[in-house]
Amino acid sequence: MSQEKIVVKGARTHNLKNVTVEIPRGKMVVFTGLSGSGKSSLAFDTIFAEGQRKYVESLSAYARQFLRQMQKPDVDEISGLSPAISIDQKSRSNNPRSTVATITEIYDYLRVLYARIGHPHCPTCGREVRKLSNEEILAKLLAMMDTASPSSGKKLTKGVSTAKIRISAPMVVGRKGEYYQLLYDMLNKG
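In the working numbering, the protein residues as written are 5 to 194.
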């Protein structure tokens, strides 16, 4: 669906009086007005209700039997709708760290989705981060040493014995206690 707007024609739900409106997609849209002017009737009882109703209609007959069938809102036509999520105006979450994703309980699904199909990128250079084998890591380190030569014409890999590389990795993860002896053993080994 490549429509650029949601078009509502002739909305008469509750106190709406034949309202026609075009709402841009992909933008932040706010309905404002006096109490009782029809903001919730338009947003929740017309647009959201029709999006949910169309979504439920697209499911199989077997799946539909478990869901409550929503009434078609009193409107002539709504076009450009996608499946929708609605958050109640008086949300029961008192946590200031709540987000749309946590309130709607879609957060865990998004984490799984991004973990499965996402491709992490370096925040500094923008290149994709990928898993490397031990051999690939060694080749990259040697290539970096070649380019980081202090003398203009000589490659460091020709004198690898003079180069020093520090590789750091955690030795203790997720275990309680004190590890002085492990530290002393590692210091003695160099």
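Beta carbons: idealized from backbone N, C-alpha and C, even for Gly.
Using 8 Å as the threshold, is the C-beta distance between residue i and residue j below it?
i      : j      : result
Val133 : His125 : yes
Thr24  : Asp49  : no
Pro77  : Glu61  : no
Leu145 : Ile169 : yes
Arg57  : Met74  : yes
Lys13  : Asp80  : yes
Could you tell me which residues DSSP puts in a beta bridge with residue i?
i      : result
Ile196 : Nothing can be reported for residue 196, as the shown portion of the chain is limited to 5 through 194.
Ile82  : Val12
Glu132 : His125
To which residues of the same chain is residue i closer than 6 Å at the C-beta, ignoring the five residues directly before and after it?
i     : result
Ser83 : Val11
Phe52 : Ala88 and Ser90
Ala65 : none
Using a 10 Å radius around the Cβ and a threshold of 16 neighbouring Cβ atoms, would you call residue i buried or exposed?
i      : result
Leu20  : buried
Val34  : exposed
Ala15  : buried
Ser45  : buried
Gly122 : exposed
Val104 : exposed
Only counting the same chain, and skipping five residues up and downstream in sequence, which positions put a Cβ closer than 7 Å to that of residue i?
i      : result
Lys9   : Glu26, Ile27, Pro28, Arg29 and Gly84
Tyr183 : Val176
Gly37  : Lys43
Ala47  : Phe35
Under a three-way DSSP split, which group does residue i fall into?
i      : result
Ser64  : coil
Ala15  : strand
Glu54  : helix
Ser45  : helix
Met5   : In this prediction, Met5 has a pLDDT of 46, which is less than 50 and means its spatial position is unreliable; what the coordinates show is noted afterwards. Of the three classes helix, strand and coil, the one that applies to Met5 here is coil, per DSSP.
Gln91  : The sequence given here has Ile at residue 91, not Gln. Coil, per DSSP.
Ser156 : Below a pLDDT of 50, predicted positions are generally treated as unreliable, and Ser156, at 47, falls in that range; the measurement from the model is reported next regardless. Coil.
Glu139 : helix
Leu71  : coil
Asn98  : coil
Leu38  : coil
Arg120 : helix
Ile107 : helix
Met148 : helix
Less than 8 Å between C-beta atoms, sequence neighbours within five positions excluded: which residues of the same chain meet that for residue i?
i      : result
Val186 : In the sequence under discussion, the amino acid at residue 186 is Leu, which differs from the Val named in the question. Closer than 8 Å at the Cβ level, and outside the excluded window around Leu186, lie Met175 and Val176.
Pro67  : Pro is not the amino acid found at residue 67; the sequence shown has Ala there. Correct list: empty, nothing qualifies.
Does any CB atom of chain D fall closer than 8 Å to the CB of residue i?
i     : result
Asp78 : Included in the structure is just one protein chain, with no chain D present.
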